[in-house]
């Protein structure tokens, strides 16, 4: 999308005495897993006792960023090959990647998953098989390659979802029902709306687990620092029971912004590799679904400055911001973003906020349109993205909270907010 200069007339112009920002670190628990290969070796051995000679095993890989993903998938492939299986990768991401086979392979490439990096074929197609129907007639689809395989390993990160709350959110159950359902399956389930997903997903998963050859699930958990925290292989008949417990662990481990109130939240980048909604509502408190249960600070204005390259133009989530920049919007592929939003039946995340010429202008307008603040009292937080919230910057108005809460370390002195000649924040 090519936008020309945007002329805006406001009182005082685009001048504002920006307060300095202070670098701080938020403290979170940091359990870490380092021996990826060793853990996967023992987990697969615990689950798979039989020889898999000649068995074609489909391994799911989705569209969410996972720490050390190529290493995890390659280790899994090694273990399956040691049992004489023939593993291959199936992109499992519903409508993401522009709802095309080539687009989904491109998404995997962005995460370092290629046939060369994991030493296994990638079979990408939007073709699906109608596996069954729920009592109300809802069709349940599965990727054709996965359906025709001798076994399926559902590998995915278990984490809180960006649009709904329930016993199963983002994880193995949703990967089976939505990710492996490709575009057609995702549309069929999303047609019910996220408000029903807490009941719909377990019903769909229970039905599919009796109809398709799931070998086991590989659940991945990360800590608040985006490190691998836990890997666990789960037998197919235990997925429904075990994932609920893992989700509770994941919810307790995510990074959050540990402030009661923020006037302006500056987000350097949004993206599909960061959250299904570009910005994680578990951090911002702004789900596109508008469903309750997303606890976060009370934020007056959110400024989104850019979209990640790994999003390939899918700027979904930009609608949760109040302001953005020409640079960000010009990178958005409306077709990819709209396809994603329409599939999810939630249009809010694909709406464009107010667009300003530069980072400087967007931040200036955000501050000028906040209520009840002055430059000295403005509570500003700057983060890289909602996935990386350990090292952040805050304005002096938040320093008393930082110094007394016990959840922060001050990393340096106040620094003037600097912009380059084009108004881009440095």
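In this note's numbering, the protein residues as written are 5 to 430. Even glycine gets a Cβ: it sits at the ideal position worked out from N, Cα and C.
- Judged by DSSP in its simplified three-state form, residue 139 adopts coil rather than helix or strand.
- Residue 30 has 412 as its beta-bridge partners, per DSSP.
- Note that the stretch 338–349 does not touch the stretch 10–19; fewer than 3 beta-carbon pairs, one per stretch, sit closer than 8 Å.
- Here residue 44 carries a helix assignment [DSSP, helix/strand/coil].
- Per DSSP, the unbroken alpha helix (DSSP H) holding residue 331 starts and ends at 330–334.
- Note on residue 430: under 16 other CB atoms within 10 angstroms of its CB, so exposed under the neighbour-count rule.
- The three-state secondary structure of residue 397, taken from DSSP, is strand.
- Residue nearest to residue 27 within the set 408, 384, 425 is 384 (criterion: CA-CA distance).
- The C-beta of residue 330 has 16 or more other C-beta atoms within 10 Å across all chains shown, which makes the residue buried.
- For residue 214, the secondary structure class from DSSP, reduced to helix, strand or coil, is coil.
- Excluding the 5 residues flanking it on each side, residue 210 has same chain C-beta neighbours closer than 8 Å at 244, in chain order.
- Following the DSSP letters along the chain, one finds residue 160 inside the beta strand (DSSP E) bounded by residues 155–161.
- The shortest CA-to-CA distance from residue 373 to any of 304, 356, 220, 333 is the one to 304.
- For residue 77, the enclosing alpha helix (DSSP H) begins and ends at 73–86.
- Taking a C-beta distance under 9 Å as the contact criterion, residue 192 and residue 146 do not qualify as a contact pair.
- Pairwise C-beta distances place the stretch 193–201 in contact with the stretch 291–298, as three or more of them are shorter than 8 Å.
- At the C-beta level, residue 322 and residue 354 come within 9 Å of one another.
- By DSSP's assignment, residue 387 forms a beta bridge with 271.
- When the beta-carbon positions are compared, residue 390 and residue 218 stay at least 9 Å from each other.
- Per DSSP, reduced to three states, the secondary structure at residue 367 is helical.
- From the listed residues 235, 357, 126, the smallest Cα separation to residue 71 is found for 235.
- Our two residues, residue 140 and residue 206, have alpha carbons roughly 15 Å apart in a direct line.
- Per the coordinates, the alpha-carbon of residue 115 lies some 7 Å from the alpha-carbon of residue 73.
- The residue among 30, 39, 17 with its C-alpha nearest the C-alpha of residue 233 is 39.
- By a beta-carbon distance limit of 8 Å, residue 127 does not contact residue 168. Their separation comes to about 30 Å.
- Beta-bridge pairing by DSSP links residue 239 to 220.
- Annotation note: the stretch 291–325 contains the following uninterrupted beta strand (DSSP E) runs of length 3 or greater, listed N- to C-terminal: 302–308.
- Between residue 129 and residue 104, the alpha-carbon positions lie close to 8 Å from each other.
- The shortest C-alpha to C-alpha distance from residue 325 to any of 336, 334, 345, 352 is the one to 352.
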